[in-house]
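Input: a single structure, listed below in structure tokens.
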Amino acid sequence: MGYLRRCMRYPLLKVAQRMDIWSSVDGVRVGALSPDRAMGVRAKVRLMDALKLIRTNSPQRYLRICRDMRSILAIAPRSNRDIYATYTPGLRMCIVNAYMAANDSIAIEELAAVIVHEAAHARLWKRGVRHTRRVLTRIEYVCLKEEIVFLKRLSCTEDLVHAIERKRASLVFG
Numbered sequence: 000m001g002y003l004r005r006c007m008r009y010p011l012l013k014v015a016q017r018m019d020i021w022s023s024v025d026g027v028r029v030g031a032l033s034p035d036r037a038m039g040v041r042a043k044v045r046l047m048d049a050l051k052l053i054r055t056n057s058p059q060r061y062l063r064i065c066r067d068m069r070s071i072l073a074i075a076p077r078s079n080r081d082i083y084a085t086y087t088p089g090l091r092m093c094i095v096n097a098y099m100a101a102n103d104s105i106a107i108e109e110l111a112a113v114i115v116h117e118a119a120h121a122r123l124w125k126r127g128v129r130h131t132r133r134v135l136t137r138i139e140y141v142c143l144k145e146e147i148v149f150l151k152r153l154s155c156t157e158d159l160v161h162a163i164e165r166k167r168a169s170l171v172f173g
């Protein structure tokens with residue numbers, strides 16, 4: 000089990016909901032918990048920019064994000080692995096790797112696509128689709144499809160779209 004999923008078991012995130020680390024974008028709270036304050040601020044600003052990009056290019060999807068997710072939190076994991084994000088249904092929170100969110104070499108479009116992916120998880124959960132091992136591959140297939148549809152609306156993202164399509168094609172249904 001990855002760090003982001005393990006950290007949800009700790010009350011720290013429930014405490015974080017009450018802390019003064021949040022900014023709000025149309026009712027979605029965006030925050031950052033990081034040992035490096037500058038990185039946390041940078042991650043929060045980039046997440047807010049990603050939400051604005053989604054709002055501009057896909058208003059209907061953006062309204063669903065506002066309805067299905069309560070908050071987006073950037074957390075700096077203990078190790079800088081390739082964990083991008085996870086959705087936590089109990090808190091209606093998307094948790095994003097702060098190293099990834101603050102990294103300028105990662106395009107805002109990619110960060111927005113990660114939020115769209117996790118919002119698809121939120122929407123499926125809200126509709127009663129539970130994440131069991133039996134259906135996890137199909138859920139990922141649907142969420143990756145949402146990313147692809149979103150990215151095709153943007154310009155200059157062909158490489159990113161192809162990478163996600165390859166990832167989607169590699170999924171094996173069990």
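With numbering that gives the first Met the number 0, letter number 31 in the sequence shown gets 30, and the count goes up by one each step, no holes.
Don't be surprised by glycine CBs; every beta carbon is placed ideally from N, CA and C.
Task: Beta-carbon spacing of ILE74, ILE94 below 8 Å - done: Working through the sequence shown from its first residue, we reach residue 74 at position 75. Working through the sequence shown from its first residue, we reach residue 94 at position 95. It is a contact, given that the beta carbons lie within the stated cut-off.
Open item on the list: Suppose the cutoff is 6 Å on Cβ atoms and the five residues either side in sequence are ignored; what does the same chain contact list for CYS224 look like?
Closed with: What is shown of the chain runs 0 to 173, which leaves residue 224 out entirely.
Open item on the list: I need the DSSP call for VAL27, collapsed to helix, strand or coil.
Closed with: For this step, residue 27 is matched to residue 28 along the sequence shown. If DSSP states are grouped into helix, strand and coil, VAL27 belongs with the strands.
Task: C-alpha gap between ALA31 and ALA97, whole angstroms - done: By one-based count along the sequence shown, residue 31 stands at place 32. By one-based count along the sequence shown, residue 97 stands at place 98. In a straight line, the C-alpha of ALA31 is about 7 Å away from that of ALA97.
Task: Selection from VAL148, LEU170, ARG69 that minimises the alpha carbon distance to ARG91 - done: Residue 91 sits at position 92 when you count from the first residue of the sequence shown. Nearest option by C-alpha distance: ARG69.
TODO: Flag this pair as yes or no: are the beta carbons of ARG60 and PHE149 separated by less than 8 Å?
DONE: Numbered from its first residue, the sequence shown carries residue 60 at position 61. Numbered from its first residue, the sequence shown carries residue 149 at position 150. The answer is yes: Cβ separation under 8 Å.
- [ ] For LEU151, count neighbouring Cβ atoms within 10 angstroms of its own Cβ and tell me buried if that reaches 16, exposed if not.
- [x] Along the sequence shown, one-based indexing puts residue 151 at 152. Before going further, note that residue 151 is Lys rather than Leu in the sequence given. It is exposed - the Cβ of LYS151 has fewer than 16 other Cβ atoms within 10 Å.
Task: Straight-line gap, ARG147 to ILE20 (C-alpha atoms, nearest Å) - done: Within the sequence shown, residue 147 is the residue found at index 148, counting from 1. Within the sequence shown, residue 20 is the residue found at index 21, counting from 1. Inspection of the sequence shows that residue 147 is occupied by Ile rather than by Arg. So the two alpha carbons sit approximately 31 Å from each other.
Open item on the list: Shorter than 7 Å, the distance from the beta carbon of ILE71 to the closest heavy atom of the ligand ATP, or not?
Closed with: Summarising the ligand content, the structure contains no ligands, and the ligand ATP is consequently not present.
Open item on the list: Suppose you measure from the CA of SER22 to the CA of VAL29; what does that come to, to the nearest Å?
Closed with: Residue 22 sits at position 23 when you count from the first residue of the sequence shown. Residue 29 sits at position 30 when you count from the first residue of the sequence shown. Between SER22 and VAL29, the C-alpha separation is close to 5 Å.
Open item on the list: So, with DSSP's three-state summary, where would you put LEU72?
Closed with: Looking up residue 72 in the sequence shown gives position 73. The answer is strand: DSSP assigns LEU72 an E or B state.
Open item on the list: At 3 residues or longer, what runs of the beta strand (DSSP E) sit wholly inside the segment 53-128?
Closed with: 70-74, 84-87, 92-96
TODO: Look up SER32 in the DSSP assignment and say whether it is helix, strand or coil.
DONE: Here residue 32 refers to the residue found at position 33 of the sequence shown. It is worth fixing the name first, because residue 32 is Leu in this sequence and not Ser. In this structure, LEU32 counts as strand in the three-state DSSP scheme.
Open item on the list: Between which residues of its own chain and TYR86 is the CB-CB distance below 6 Å, once the five residues before and five after are set aside?
Closed with: The residue given as residue 86 occupies position 87 in the sequence shown. Correct list, in chain order: CYS93, GLU117, HIS120, ALA121.
TODO: Determine the burial state of GLY127: buried for a count of at least 16 other Cβ atoms within 10 Å of its Cβ, exposed for fewer.
DONE: As a working mapping, residue 127 is identified with position 128 in the sequence shown. Counting Cβ neighbours within 10 Å, GLY127 comes out exposed, since fewer than 16 surround it.
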